[in-house]
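Respectively, the protein sequence lines represent chains E and P. Position in the first sequence (from 1) plus 7 gives the number in the numbering used here. Position in the second sequence (from 1) plus 1 gives the number in the numbering used here.
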Amino acid sequence: MSFEEFQNRARLYVIGALEDGESREFEEARASFGQQAEDFITECYRLHEAFALSLRPAKSSDALKERLMKMVRERKEGGSAKL
Amino acid sequence: MPRRSKALLENDIEEAEPRPPAVTPPLEPGEPTDLELMRGIQEEDPDALSKLYDRYNGIIKALILRVVHNEAEADDLLQEIFMELWNQAKNFSAQKGKPLGWMVTLARRRAIDGLRKKQAYMRAGERLQNETEQQPDAWVHNSTEEEISFSDTRILVRKVINSLPPAQQEAVDLAFFRGMSQREIAAKTNTPLGTVKTRLELGLKKIYDGLKNLKDEL
């Protein structure tokens, strides 16, 4: 597999769109290209941020945050908060 | 099939003049960076999580809603995701990406898992058909066109995405926001598998290349 083909597969990989057969070939190429491959995959995860930033933020209630922070503080204090 | 709204196009044109994109949301002077907040969370500082939540809960919830299309489920998932962020903060490594990227990856995985569990109890094809009819513009969600008020970064990112042909937008949308495999997309869109693969590869490459100019801001 050329590095260009690996790049195409890497973009599919980070969004979980590789098919089974492609995944095996991709992992072999990933190991073969080494650090160059890992660096490119890290870059590809920027796609995730981009997709999220393309959306208009949605509103959440204050009560939701209060509930979350209560759980966090209980967890920190060794409480029995559960997900 | 995704389509571009008239208002969005006009908005794009109005905002098309090149200018430096702002980070979303912009930081006030003296405000901690995302990385500083993540370090605070790693040290179990609830205030750091509170600030990170205030900064990104809107974006993360929008992403979840884009997948599950249900307000109550989105709220539950949002809470779970920030709780997981608190519990798993020690696993975050700045060398592997930015905090926002980590949060988005976490949120997407959780939301798609939630969607799949729900679909186990529903006829998936019928549900997706209904959602498609309710959400004809795949990249605009939960807002009227008049209400859309994009930050500079959002405008630029959307310009990149909107530059794709509709078929590529649709393939990327189904893969990213629905977690569909190439085969599932092919079946849903009555398109040959090879065509789906090509659409995804071309679409993602164009988005990736288009984002290079925004690299320092995303």
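Quick reminder that beta carbons are idealized off the backbone N, C-alpha and C, glycines included.
Query, Result
"Through-space distance from Asn88/P to Ala70/E, alpha-carbon basis", "21 Å"
"Proximity test, Cβ basis, 9 Å: Gln14/E and chain P", "yes"
"Glu45/P (DSSP reduced to helix, strand or coil)", "coil"
"C-beta contact flag for Phe178/P and Phe58/E at 9 Å", "yes"
"The region 61-77 of chain E: positions lying closer than 8 Å to chain P by Cβ", "Ser61, Leu62, Arg63, Pro64, Ala65, Lys66, Ser67, Ser68, Leu71, Lys72, Arg74, Leu75, Met76"
"Arg117/P in three-state terms, based on DSSP", "helix"
"Within 8 Å of chain E by C-beta, residues of the region 29-43 of chain P in sequence order", "none"
"Exposure label - Gln43/E; buried when at least 16 CB within 10 Å", "exposed"
"Whether Leu54/E touches Leu157/P by CB criterion (9 Å)", "no"
"Candidates Leu101/P, Arg56/P, Phe83/P, Arg200/P, of which the one nearest Glu175/P by Cα", "Sequence inspection shows Leu at residue 175/P; the Glu mentioned does not correspond to that position. Among Leu101/P, Arg56/P, Phe83/P, Arg200/P, the Cα nearest to that of Leu175/P belongs to Arg200/P."
"For Ala65/E and Leu78/P, the rounded distance between their alpha carbons", "14 Å"
"Complete runs of the alpha helix (DSSP H) confined to the region 60-86 of chain E [at least 4 residues]", "69-83"
"CA-to-CA distance, Ser9/E to Thr106/P, given in whole angstroms", "27 Å"
"Limits of the alpha helix (DSSP H) - the one that Lys206/P falls within", "194-212"
"Pairwise C-alpha distance: Glu84/E and Ser51/P", "17 Å"
"Any chain P beta carbon closer than 9 Å to Glu34/E", "no"
"Short CB-CB distance (under 9 Å) between Ala44/E and chain P", "no"
"Cβ contact (3+ pairs, closer than 8 Å) linking the region 159-168 of chain P and the region 196-210 of chain P", "yes"
"Cβ-Cβ distance between Ile61/P and Phe93/P below 9 Å", "no"
"Neighbourhood of Lys91/P by C-beta distance below 7 Å, restricted to the same chain and skipping five residues each side", "Gln43"
"Outcome for Tyr209/P when other beta-carbon atoms lying within 10 angstroms are tallied against a minimum of 16", "buried"
"Arg159/P to Val68/P span [Cα, whole Å]", "18 Å"
"Straight-line gap, Glu11/E to Leu75/E (C-alpha atoms, nearest Å)", "44 Å"
"Among Thr49/E, Glu81/E, Ala36/E, Gly28/E, nearest to Trp103/P - alpha-carbon criterion", "Thr49/E"
"Close Cβ partners of Leu36/P (< 7 Å) along its chain, the five nearest in sequence each way excluded", "Ala95, Pro100"
"Nearest-angstrom Cα separation, counted from Gly98/P out to Arg37/E", "19 Å"
"CB-CB length for Cys51/E against Ala17/E, believed under 8 Å", "5 Å"
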